[in-house]
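Written out below as structure tokens is the structure these notes cover.
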Amino acid sequence: MWQKLTPSLVGVLCLAIAGLAQTTTTGQIIGTITDPSGAAVTGATITATDASGVQRTATTDQQGHYAFPLLPPGTYRVEAEKTGFSKATLDGMTVRITETINLNVPLTVATQTQSVEVTGEAPMLQTESPARGDVIPSRAVRELPLATRNFQQLLTLTPGTSAAVPNSSDLGRGDTAFNVNGMRTLSNAVVINGVDANSIGTGSTPNLAVPATDSLQEFIVQTNLYDASQGRNAGSVVAAVTRSGTNEFHGNLYEFLRNTDLDANNFFLNRAGVARPQYQRNQFGGTLGGPVVKNRAWFFVSYQGTREVNGTSLVNSIGTVFVPSDLSNDRSAATLNRLAGSYGMPPCTSPFAVLGCLSPTASALLQAKLPNGQYIIPSAPNPIAIPTNGTPAGYVSVPVVGISRFREDQFNTNFDLKVSESNRLSAKFFWANNPELQALYNSFGLGNALPVPGFGANTNFNQRVLSVDDIQIFSPSVVNDLRFGWTTITTVSTPQEPFTSAQLGIGSPLSNLFPGMPEISVANQFDLGASPFSDNNAKEPTYTAGDTLSWTKGRHALRFGAEYKHHELTETFNLYTRGQIFFLGYSGDPFKDFLGGYFDLTGLTIMGSGVNNRDILSYDLSGFMTDDWRVTDHFTINLGLRYEYFAPFTEAQGRYVGINPSLLKTAIIPGLPAGDNTAIVSEFLQASNATHPLANVPLTQSSIVPPDKNDFAPRFGFAWQPSNSAQSFVVRGGYGIYYDHPNSRFINNQILNFPYYTLAQAFFTPISNPFVQVPPPNAYPLQFNNAALFPFGGPPAFLPAASILGPVQPISANGIFPDIHDFRTPYVQQYSFGVQNEFAKDWMLDVSYVGSLGRKLLRLVDLNQEYGPSTPTAAPLSPGLSSLAVQGFGVHLMQSSSNSSYNALQASLTKRFSHGLQFLAAYTWSHSIDDYSGDPTGTSDVTVVPGNQVLLNNRASSDFDRRQRLVFSGFYEFPHFYKRAGFGSQVLNGWQLATILTIQSGTPFSVLTNATAFVQARADANPATPGCNATLSGSTISRLNEYFNLACFAPALAAGDFGNTGRNILVGPGQRNIDISVLKFFPVAEHSYFELRAEFFNAFNNVNFANPVNILASTNPGAIVATTTGPRVVQFAAKFNF
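Going from the sequence shown to our numbering is simple: count from 1 and add 1.
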């Protein structure tokens, strides 16, 4: 006879989910079977059955213990039986990836044939492990409001995570770069269906594979003290699993729609009187899963398409530039001559007839229009009359808008097969193409600083992920998981080039190969032309093979595993091949320089040429063993050891050069002024596998840097329930070492490195012939024994270019080189201690201290930092521009010498779904400190000032530090107000409300001088205002023109003065955002329903302001000119689920 579980039996059951990781695609059920007296029941048979009818059996040992390791995620029916006892059946037991259900079942003595059944979920305490992280189940993934329906936007719902608020106006997928427990954004590993889905080329989450939310089973963000089975990175492990078919057909069809008419306008566009930009987005698709052969084989397929026209993206569509306040749409020659006259420039009767005359190139650019009729240099919003007293009118900010476009098509195809009762095979394939037009190119932060529309790029990001997983049950206590995988990420970027150099009268040595106009930068005002980084393509496949063996022996759950990964990266970058021209303000005003007011010359130009492609190779080997030892039924110790070997990167043809700084030798070049007269003559090193070896350059190992073979990572953790009476309370803690896989960005920068590539710099050259006449790409590598190029045995080298001030500056040994003496695998020590309390049914409070120490973290060191900002040519190794924080300039070493620390109070309140309500409230109070925050392009101020080779000078709050962060996510199902079937039921019943609320502190920033390209310094404290408080009072909106007290700071201009105000001393505005979904469900049949949604992103149209302009030499220091999130966006959706 079937009976409901009695309240007394409910009280005895101990069903606890623990963070005991199995693999990134499986979970586990463990437990103890007891009789009514509490004694162990030996020899009981336990059966676990999933939704597909696949069964696993186990038998209890002498202690009454049993285990089901390596279970695929899903809902299970667990049955326990033995002769003489009533059969116990527990239905609806949810197994989630990387977690363990501790399912202790008491049996009752049989008085007649009967079964005791319970339906429900396990209690919430994690009683088997200290691992921190939250599984985000499929319902939350599907029903929470996601700004671009990208599951990455849910990665920051848990304590310890930090990121900018997801922006509903982002172009395309809206990928999330996030930090975990004080680690960098490059320190997160992504695993999809058990396969490494990371980019070895970038190391970041943007542009990875992102399966549609409707195709996901669930995912987890493991943030702290995950066990030795997981590794690769020291920040977090993000593991996602796509859905599988079951014995019944299920699926859906859906469409999500956005339209400009329903949205609010950007704050600064509205303020400037600019109409709301176009924004249209359609996302549609469907899923279908079911049996191929019932109880034997199953399939699941999905498709999603996205079409988007976007003029609202804060990264790719909306920007801010600065133009003269008297620049109008009247661009006639006479008006432009009057404009030049306001800068004290005499009229131009013919080009260059008068020194300081308006240059023809400047005139052409001021008159140039895009195909849509817009001037490429925008006019002032309300232009004033041009002054006639010879005094310029000043500058105003101008918001600019370009229309970006995005298209995505993605497919999932999954197949599961029960080969036998002891063997299950799964094969899953993901395919996606993501072409887009970025009106303002900014992939990976490599766009122009102040871009204008018209010079964007067509980009294409494609992802493929294939996984094959075979689970073999050798016995109830020995299970093996064998997996293979392949992923590839392909990127292609082509710049928009509406003008050529020839059209503008600018000579270029490579114009026959790259005819587009150069990028022209008017310092702190605007940039014209395509980004020098926007012409590139790359393909990076990764192959994975791994195995995990699970062996349960008494109170020990042992696991052993190994994994091999092979990485390739084939890339081509045409860097600076169109050239770059800077007008830096030598006349006192960059715009005057641009007009031609400083000897009719450019301030600085750069031209790139050389071998533009690389084929990078690497591999990883890892192995681990873990022992989860249940010392008692209330105390578990987690022991583990992981070993990781990350083979150093090599280049297939050995086109890889390094510097041995301890053997560095220089020579004096006669005829040049002091500071500009130093050449590096040795000690360059070249890879031993070079197919075209450089003469007189010593060979070293193919990877340049030695391998690090000492990466042993011990892990220890515990979970303790103090007593039998404290079943709702657990104490957890632990310690572990985690190694951080370096990405290939440092070797990617070898593309810029001498002698395979040259970034040739020239100063004060005429706009008609501004560039060094670099050799063509087929002339590289430049041999060091070429006396015509290298008369001193090494660079710099003289190449012809005209300058009225004398010889052009020589080609320097620019580049980013690995330090062969200081390049080891970064690692982090993680530790935590905390408690969990399930103080009521379906309620759990978690409070923990979490800390980490980062060691040997990667950073850039400028070997050639200038001696002082007012003496730009005084540098130890090579001339000029040595301290500019721009990739490829100067001589930089990549070292593993940075450190970090993180301390946090992390708390969460979890309400599991019951009575219509489910939510997670996560709070973090933390402080992250470092001396380098991991900017891979070297644009952080720590790479330039002051004395970057002294770590203590830059120790401060991390660039990404947010002291406080609160995130609330959840949904509420309204009660059924109308009990009878009919129209009233359809209208009043089936309503749901879902929301994500984020409130967080701002990020810190420094105050910089940066008066010219050479004055790279932080500000000085103003001696005229001692004790000045730099933080102003009042709301952010009241301080838009002066967010911080400018009177507290003074430019650092004296020789040797790099500023005394320190790094990251001020904090920018905080962020607040709430997204809301209103859902209505209409039942259609027993297992099908129709769903309507209205979603409101930034529902109350809160304005989140960006950090202010922090450069004292800019046109508006201290002002806030941008936001970090877009305005309110409304989205409607319809779904049919069956």
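For glycine and all other residues, C-beta sits at the position ideal for the given N, C-alpha and C.
Check, Outcome
"Nearest to F273 (by Cα), restricted to the options I319, Q281, N253, S237", "Note on identity: in this sequence residue 273 is Ala, with Phe being the wrong assignment. Of the candidates I319, Q281, N253, S237, the one whose C-alpha sits nearest the C-alpha of A273 is I319."
"Span of the beta strand (DSSP E) around L642", "636-647"
"L337 to P771 span [Cα, whole Å]", "23 Å"
"R746, enclosing beta strand (DSSP E) - first and last residue", "No beta strand (DSSP E) holds R746; the alpha helix (DSSP H) holding it covers 746-749."
"Within the stretch 39-104, ranges of the beta strand (DSSP E) (whole runs, at least 3 residues)", "46-50, 56-60, 66-72, 75-82, 88-96"
"Buried or exposed (CB count within 10 angstroms, at least 16 for buried), C1029", "exposed"
"C-alpha gap between T549 and H635, whole angstroms", "27 Å"
"Cα-Cα separation between T911 and V848, rounded to whole angstroms", "12 Å"
"Sequence-distant residues of the same chain with beta carbon closer than 6 Å to G236, five excluded per side", "V181, M184, S188, N189"
"Start-end ranges of the alpha helix (DSSP H) lying completely within the stretch 266-316, minimum 4 residues", "268-272"
"Helix, strand or coil at D417 [DSSP, three-state]", "strand"
"Residue interval of the alpha helix (DSSP H) (run including K980)", "That residue, K980, is in no alpha helix (DSSP H); it is neither H nor E in DSSP."
"Alpha-carbon to alpha-carbon, L559 and T553", "6 Å"
"Exposure of K593, with buried meaning 16 or more beta-carbon neighbours within 10 Å", "buried"
"Validate contact between the stretch 1121-1137 and the stretch 1088-1096 using beta carbons, cut 8 Å, 3 pairs", "yes"
"Through-space distance from L760 to L1217, alpha-carbon basis", "Residue 1217 is absent from the structure shown; the chain starts at 2 and stops at 1139."
"Buried versus exposed call for V420 [16 or more other C-beta atoms within 10 Å across all chains shown]", "exposed"
"Integer-rounded CB distance, given that I1075 should sit under 8 Å from L1009", "Rounded, the Cβ-Cβ distance is 34 Å, inconsistent with contact."
"Beta-ladder partner(s) of Q581, from DSSP", "E520, I607"
"Residue of D262, I617, S444, N613 minimising C-alpha distance to L315", "S444"
"At least 3 beta-carbon pairs within less than 8 Å: the stretch 164-175 vs the stretch 897-910", "no"
"Endpoints, the alpha helix (DSSP H) within which Q368 is located", "361-368"
"F179 and A164 closer than 7 Å at C-beta", "yes"
"Inter-residue CB distance, A1162 and A458 (contact presumed, cutoff 8 Å)", "Because residue 1162 is not part of the residues shown, which for the chain are 2 to 1139, the question remains open."
"Distance, F561 Cα to R716 Cα", "14 Å"
"Coil, strand or helix - Q504 by DSSP", "helix"
"First and last residue of the uninterrupted alpha helix (DSSP H) at K593", "591-596"
"Proximity of L71 and T27 at Cβ, strictly below 7 Å", "yes"
"Nearest-angstrom Cβ-Cβ length linking W487 and R556, presumed shorter than 8 Å", "Contact doesn't hold; Cβ gap of about 39 Å is too wide."
"C-beta contact flag for T1 and S170 at 7 Å", "Because the chain is modelled from 2 through 1139, residue 1 falls outside the range shown and cannot be assessed."
"Three CB pairs or more closer than 8 Å across the stretch 561-576 and the stretch 736-756", "yes"
"Euclidean distance between Cα positions of R244 and I137", "14 Å"
"Every unbroken alpha helix (DSSP H) within the stretch 982-1039, with a cutoff of 4 residues, ordered by chain", "984-989"
"Own chain partners of V191 with C-beta closer than 6 Å, once the 5 adjacent residues on each side are dropped", "A198, N199, L209, V239"
"Continuous alpha helix (DSSP H) stretch holding A141: start and end", "139-144"
"Straight-line gap, T50 to S929 (C-alpha atoms, nearest Å)", "46 Å"
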